[in-house]
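Line by line, the protein sequences give chains A and B.
Basically the working numbering = 1-based index in the first sequence + 241.
Basically the working numbering = 1-based index in the second sequence + 241.
Backbone N, C-alpha and C define an ideal beta-carbon position, used for all residues, glycine too.
For reference, the structure discussed in these notes is given below.
There are 2 protein chains.
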Amino acid sequence: MTKSPSASQSLRAFMDVFMHRSMRGWSQFAKGTGLSMPQVSILMQLHHKGACGISTIGERFDISNAAASQLVEKLVQGGYVNREEDPNDRRSKLLNLTPKGLELLQEGMEQRHRWLDGLLKNLSTDEKSKVSEALGILTEKAKEVDR
Amino acid sequence: MTKSPSASQSLRAFMDVFMHRSMRGWSQFAKGTGLSMPQVSILMQLHHKGACGISTIGERFDISNAAASQLVEKLVQGGYVNREEDPNDRRSKLLNLTPKGLELLQEGMEQRHRWLDGLLKNLSTDEKSKVSEALGILTEKAKEVDR
DNA sequence: GCATAAAGTTAAGCCCGCTTAACTAAAAAG
DNA sequence: CTTTTTAGTTAAGCGGGCTTAACTTTATGC
Chain A
242 MTKSPSASQS LRAFMDVFMH RSMRGWSQFA KGTGLSMPQV SILMQLHHKG
292 ACGISTIGER FDISNAAASQ LVEKLVQGGY VNREEDPNDR RSKLLNLTPK
342 GLELLQEGME QRHRWLDGLL KNLSTDEKSK VSEALGILTE KAKEVDR
Chain B
242 MTKSPSASQS LRAFMDVFMH RSMRGWSQFA KGTGLSMPQV SILMQLHHKG
292 ACGISTIGER FDISNAAASQ LVEKLVQGGY VNREEDPNDR RSKLLNLTPK
342 GLELLQEGME QRHRWLDGLL KNLSTDEKSK VSEALGILTE KAKEVDR
């Protein structure tokens with residue numbers, strides 16, 4: 242590295258490598274579990290944003306409620322998702338990860354983390370702390386923006 | 242943030258947010274272009290690793306050569322990929338992004354980067370430089386590990 | 001209370017990715 | 001030179017995701 246690049250440039254370079262790697266990782270993982278990417282994405286989304294109904298799934302993935310319903314049905318059949326009536330509105334459903342669903346997701350994350358830990362192994366203590374701080378900053382901001 | 246977390250913890254939190262976001266971003270982008278995720282993935286991979294043949298695609302995505310051939314065919318039809326004979330081995334093909342293919346990919350990246358730039362906007366100059374440095378370190382390592 | 005809207009489900013049908021199998025053509029092995 | 005291996009294409013068929021349309025059930029507006 243000749244000179245210090247801008248933060249924006251660094252982010253772009255990082256994203257290039259990082260996105261490429263993590264996307265391929267997830268799709269391979271999905272294949273291994275027998276689930277499809279859309280199905281895994283729904284699990285991730287439930288874990289990330291908490292319980293919601295069918296139509297929320299539809300909106301977030303920009304698919305019809307019918308499609309969302311069918312995908313969720315498969316996840317329920319597989320025991321990854323719990324689907325119960327919303328006590329406040331009996332038309333609506335409350336979707337939640339089952340322990341099995343959570344476990345599956347965490348296994349997928351583990352695989353991604355193993356790759357990342359491999360990156361950290363070769364860093365000095367000083368570098369590690371810098372990386373840690375910077376990612377903490379970014380993550381906070383991302384959560385804000387993502388709302 | 243109460244106390245400084247380990248680098249590994251920071252990476253995990255970061256991965257959670259970023260993977261989720263970037264994957265959804267790409268799949269929405271793909272939908273907008275009329276291409277499927279596997280097709281976009283192939284474009285990304287060509288851009289990232291350079292020209293290769295059909296069977297290399299098959300190996301990298303863990304699909305049959307027949308499947309790879311069919312996917313590539315669609316990308317060639319769409320004008321996103323150039324497919325020519327390998328002069329060194331006339332059985333083999335050399336696949337390359339066309340300008341149109343490259344442009345499409347870059348548009349996708351732009352969309353992701355716009356989100357990221359939104360994150361950077363709210364950072365102080367000091368934070369920006371920290372982020373920049375840390376991501377530079379990580380990117381270098383990632384490229385090494387990725388081969 | 002009745003009409004209307006909203007949340008989900010189900011079914012029919014389309015497109016797409018993927019696999020296997022059969023095939024062509026070129027290179028490597030003997 | 002013949003045999004075998006390698007790269008790629010093509011076709012048939014399966015399964016999955018998605019859409020539209022018709023329907024059920026529950027909530028809401030007047």
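Separation of Ser305/B from Leu335/B, as counted between CA atoms:
Counting only the Cα atoms, Ser305/B lies some 18 Å from Leu335/B.
Quick check: the region 323-331 of chain B against the region 348-368 of chain A, are at least 3 beta-carbon pairs closer than 8 Å?
Look at the beta carbons and you see the region 348-368 of chain A not touching the region 323-331 of chain B: under three pairs across the two are nearer than 8 Å.
Please confirm if Ala271/B has its CB atom under 8 Å from at least one CB of chain A.
No, its Cβ sits nowhere closer than 8 Å to a Cβ of chain A.
Residue interval of the beta strand (DSSP E) (run including Asn323/B)
Taken as a continuous stretch (DSSP letters only), the beta strand (DSSP E) holding Asn323/B covers Val322 to Asp327.
Against chain B, with Cβ distances strictly below 8 Å, would Arg353/A count as a contact?
It does; some Cβ of chain B falls within 8 Å.
Using a 10 Å radius around the Cβ and a threshold of 16 neighbouring Cβ atoms, would you call Ser268/B buried or exposed?
Result: buried.
Let me know the beta strand (DSSP E) ranges lying completely inside the region 246-328 of chain B, each 3 residues or longer, listed in chain order.
Counting only runs of 3+ residues, the beta strand (DSSP E) found wholly inside the region 246-328 of chain B occupies 322-327, in chain order.
Which residue's Cα is closest to the Cα of Leu284/B: Gly319/A, Pro279/A, Ser282/A and Asp257/A?
Comparing Cα positions, the closest option is Asp257/A.
Please classify Ser247/A as buried or exposed, where buried requires at least 16 other C-beta atoms within 10 Å of its C-beta.
Result: exposed.
Within chain B, the residues that Leu335/A reaches when beta carbons sit closer than 7 Å
Here the premise fails: no neighbours, minimum Cβ distance about 21 Å.
What does the Cβ neighbour count give for Arg253/B, buried or exposed, with the cut at 16 atoms within 10 Å?
Counting of Cβ neighbours within 10 angstroms places Arg253/B among the buried residues, the total reaching 16 or more.
Note the first and the last residue of the continuous beta strand (DSSP E) segment covering Ser333/A.
That run of the beta strand (DSSP E) goes Asp330 to Leu338.
Give, in chain order, every residue of the region 366-379 of chain A whose Cβ lies closer than 8 Å to some Cβ of chain B.
Under the 8 Å Cβ criterion, the region 366-379 of chain A contributes Glu368, Lys369, Ser370, Lys371, Val372, Ser373, Glu374, Ala375, Leu376, Gly377, Ile378 and Leu379.
Start and end of the alpha helix (DSSP H) containing Ser370/A?
Membership of Ser370/A in the alpha helix (DSSP H) is indicated by the continuous run Thr366 to Asp387.
Applying the 10 Å Cβ sphere with the 16-neighbour rule, what's the burial state of Lys382/A?
Around the beta carbon of Lys382/A, 16 or more other beta carbons lie within 10 angstroms, which makes this residue buried.
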